[in-house]
Structures are given as structure tokens and as C-alpha cells.
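Numbering (our numbering), first residue to last: 314 to 408.
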């Protein structure tokens with residue numbers, strides 16, 4: 314009976330220390346989980362930002378190409394108008 318009480322007390326003390334250890338490190342464990350989730354969210358956010366940046370760059374390039382094409386068309390039309398103006402001026406001077 315005496316030996317049994319000793320084992321009981323030893324078990325209770327061991328359980329006490331074990332519970333203190335678990336209590337102390339559970340917060341470290343939760344912090345690690347929280348950091349992993351945060352890093353995952355940050356990585357996802359960074360990936361989304363990168364995709365948006367690429368998409369904006371593509372739109373910007375498409376607009377620039379469109380403006381460049383339109384500029385060439387306008388220059389060609391102006392050249393044609395200038396040529397027509399010269400032709401009209403020649404016709405009026407000859408007649």
C-alpha cells in the first residue's frame with residue numbers, strides 16, 4: 314500500500330510536469346501553425362499581384378501596339394492627303 318501511494322504521487326508529479334511542458338509548448342506550436350498560414354497567404358497574395366502585374370503589362374503592350382498602328386495609319390493618310398494636295402495644285406496650275 315505504501316509503495317502504491319509512492320507510485321501514485323510519482324505519477325501525479327510526472328503528469329504535472331508533462332502538462333506544464335505541453336502547456337508551455339502548445340503556444341509555440343500554435344505560433345508555428347499561424348506563421349505557416351501567414352506565409353502561405355503572403356505567397357498566394359504575391360502570386361496574385363505578380364499575375365495582375367503581368368496582365369497589366371500585357372494590356373499596356375497591347376494598347377501601345379494599337380496606338381502605334383493607328384499612328385502609322387494616320388501618317389499614311391496624311392501622306393496621301395499631301396500627295397492629293399500636290400496633285401490638285403499641279404492640275405490648277407496647268408489648266
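A virtual CB, placed ideally from N, CA and C, is assigned to each residue, including glycine.
All of these numbers come straight from a predicted model, not from anything done at the bench.
Euclidean distance between Cα positions of residue i and residue j
i: residue 405; j: residue 379; result: 39 Å
i: residue 360; j: residue 373; result: 20 Å
i: residue 320; j: residue 344; result: 36 Å
i: residue 351; j: residue 365; result: 21 Å
i: residue 403; j: residue 397; result: 10 Å
i: residue 341; j: residue 354; result: 20 Å
i: residue 399; j: residue 376; result: 34 Å
i: residue 333; j: residue 322; result: 16 Å
i: residue 315; j: residue 347; result: 48 Å
heavy atom of the ligand GDP below 8 Å from residue i C-beta
i: residue 321; result: As presented, the structure is devoid of all ligands, the ligand GDP included, so that no description of it is given.
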